[in-house]
Amino acid sequence: MNAIASLALSFPLIFFTALLALVAVYWLLVLVRLAPVELFEHDSLRNDTLASALVSLGFAGVPASLALSALIVLASLLAWVVEMAVLGPLPLGFFRVPLGLAVIWGAFALASPLSAALCRRLHRRLHRHPSLSKRCLLGERVRVIDADAGGATAEMVDDPGRQVRLRGKAGNRPRVGDVRVLVKYLVNDEAYRSVPEQDYLDARTRLVRLHLVERHEGSMPRQEGRHGSRPSA
20 MNAIASLALS FPLIFFTALL ALVAVYWLLV LVRLAPVELF EHDSLRNDTL
70 ASALVSLGFA GVPASLALSA LIVLASLLAW VVEMAVLGPL PLGFFRVPLG
120 LAVIWGAFAL ASPLSAALCR RLHRRLHRHP SLSKRCLLGE RVRVIDADAG
170 GATAEMVDDP GRQVRLRGKA GNRPRVGDVR VLVKYLVNDE AYRSVPEQDY
220 LDARTRLVRL HLVERHEGSM PRQEGRHGSR PSA
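Under the working numbering, the sequence shown has 119 at position 100, and the numbering climbs by one with no breaks.
Below, the structure is given as structure tokens:
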């Protein structure tokens with residue numbers, strides 16, 4: 020028991036031990052109804068929130084808290100395996116710190132697609148859960164099956180038995196046969212705003228490219244002219 024505790028408190032496993040403790044406390048609070056399952060959900064994917072970031076990683080259709088918990092648990096298991104099989108037997112000394120940071124990054128990188136695939140298997144069950152079928156559906160694809168003056172009715176692409184109500188604005192009204200992505204939940208109407216799937220993908224691509232450009236420009240030092248003066252824009 021002491022050996023396991025010592026291993027759990029060693030670097031980099033102590034990082035995952037702390038995260039697992041937070042996950043356990045959170046779900047305990049959920050069980051006693053002191054914390055909501057939709058703790059991180061928002062009404063829209065427009066802003067850079069934890070929920071929208073997880074949707075972009077493939078976790079659409081499940082609560083962000085569940086997606087994050089699955090990601091942490093799988094990453095912790097991978098890090099534990101690496102520690103037992105690789106890092107533990109080696110006399111690393113000071114090199115344990117940089118290698119430990121690499122293990123943390125690699126564990127989350129490998130766990131992300133695995134946990135996303137696991138969460139996708141839970142889609143249909145979560146779609147039918149009455150308390151988890153509102154904001155958690157943001158990022159899901161739907162196919163329009165009926166349209167009228169007030170909006171449209173659509174069914175989930177990966178779960179045809181689950182239908183949602185759509186509201187559209189002028190110039191962006193859903194049409195029968197369209198495949199769209201849910202991007203905003205309208206609380207008062209219990210309906211959703213949506214955009215065509217291709218527009219959503221294009222917007223995501225532009226956003227990623229914008230972040231990369233900003234990061235690149237921010238890392239480039241400004242060139243100084245002679246005598247320390249900066250060139251004018």
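Using N, Cα and C, we set each Cβ at its ideal position, and we do this for glycine too.
Alpha-carbon to alpha-carbon, residue j and residue i
| i | j | result |
| --- | --- | --- |
| L50 | V56 | 9 Å |
| L156 | A168 | 24 Å |
| F78 | F114 | 34 Å |
| P110 | L73 | 37 Å |
| L118 | L58 | 34 Å |
| M166 | S75 | At residue 166 the sequence reads Ala, which differs from the Met that was named. Answer to the nearest angstrom: the Cα atoms are 28 Å apart. |
| Y219 | I91 | 28 Å |
| A126 | E216 | 31 Å |
| A23 | G107 | Checking the sequence, you will find Ile at residue 23 rather than Ala. Rounded to whole angstroms, I23 to G107 spans 12 Å at the Cα level. |
| N177 | R160 | For the record, residue 177 in the displayed sequence is Asp; it is not Asn. Cα to Cα, D177 sits roughly 8 Å from R160. |
| L64 | L129 | 25 Å |
| S71 | S25 | 37 Å |
| D62 | V116 | 40 Å |
| A43 | A89 | 12 Å |
| G170 | G158 | 19 Å |
| L48 | A86 | 17 Å |
| V122 | L28 | 15 Å |
| A135 | P82 | 12 Å |
| A104 | L201 | 43 Å |
| L39 | A210 | 35 Å |
| L141 | S131 | 16 Å |
| S84 | L137 | 14 Å |
| K203 | N66 | 11 Å |
| N21 | L120 | 25 Å |
| L41 | S95 | 13 Å |
| L205 | G112 | 55 Å |
| N207 | R52 | 24 Å |
| L231 | W124 | Only weak support is given to the placement of L231: the predicted model assigns it a pLDDT of 41, under 50, and the question is left unresolved by the model. |
| D197 | R212 | 14 Å |
Nearest-angstrom beta carbon gap, residue j and residue i [assumed within contact, 8 Å]
| i | j | result |
| --- | --- | --- |
| R181 | M175 | 4 Å |
| G187 | P179 | At roughly 21 Å, the Cβ-Cβ gap does not stay under 8 Å, so G187 and P179 are not in contact. |
| R143 | A173 | 16 Å between Cβ atoms; not a contact. |
| V195 | V163 | 5 Å |
| E133 | L69 | Position check: residue 133 holds Leu in this sequence, whereas Glu was assumed. Contact doesn't hold; Cβ gap of about 19 Å is too wide. |
| G80 | L145 | 7 Å |
| R154 | E60 | 4 Å |
| A37 | Y45 | Contact flag wrong, Cβ pair sits at about 13 Å. |
Beta-ladder partner(s) of residue i, from DSSP
| i | result |
| --- | --- |
| T172 | D165, R184 |
| L205 | A210 |
| R199 | V161, P215 |
How do the segment 96-106 and the segment 29-40 stand: do at least 3 beta-carbon pairs fall below 8 Å, yes or no? Contact holds: three or more Cβ-Cβ distances are below 8 Å.
Enumerate, from N- to C-terminal direction, the unbroken alpha helix (DSSP H) stretches of 4 or more residues contained entirely within the segment 63-117. Runs found: 69-75, 83-101.
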